[in-house]
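Q: Quick one: the structure is below, and I'll ask about it shortly.
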Amino acid sequence: MVRDDDLPLFRWQPVGVEVIPFPLIRRVGKIRDVASKMLAKSTDRHAESYRDQVTTGLVGHLNRLGIPEQERDEQLGQFWSAVQSEIIRLTYTGHHAGDAA
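Set out below in structure tokens:
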């Protein structure tokens with residue numbers, strides 16, 4: 040007979056897990072928001088400062104999730120490439136920050 044304090048559930052130990060974060064490249068709302076804000080910056084220095092702030096925030100988020108440095112760097116590169124593409128799209132179509140929808 041099994042005792043109440045000797046159930047298999049109590050002996051279970053979790054196996055190592057892999058965290059799979061939602062890819063930054065798929066965060067379309069974030070990409071569009073960052074691109075719009077980058078276009079709204081009045082100087083290159085302001086844009087660079089904003090880029091550094093966003094990068095710091097994203098790195099911190101991925102670090103808290105335990106994402107390895109190589110994957111983190113790949114995701115950041117893809118994210119900023121998507122932001123650049125969105126900036127080009129917004130510039131080409133004439134939609135800038137502050138324009139009416």
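So the sequence shown is numbered by my numbering: it starts at 40 and just counts up by one.
Glycine residues also receive a C-beta, built at the ideal position from the N, C-alpha and C atoms.
Our contact map puts ARG71 next to GLU125 with C-beta atoms below 8 Å; I'd like the distance itself, whole angstroms only.
A: Indeed they touch by this definition, with Cβ atoms about 6 Å apart.
Q: When you compare only the Cα positions, how much space is there between ILE106 and VAL58?
A: Looking at the two C-alpha atoms, the distance is approximately 7 Å.
Q: Assign LEU101 to buried or exposed, taking buried as 16 or more other Cβ atoms, counted over all protein chains shown, within 10 Å of its Cβ.
A: Answer is buried; the Cβ neighbour count reaches 16.
Q: Which ranges does the alpha helix (DSSP H) cover as unbroken runs of at least 4 residues, wholly within the segment 63 to 101, from first to last along the chain?
A: Here the runs fully enclosed are 67 to 79.
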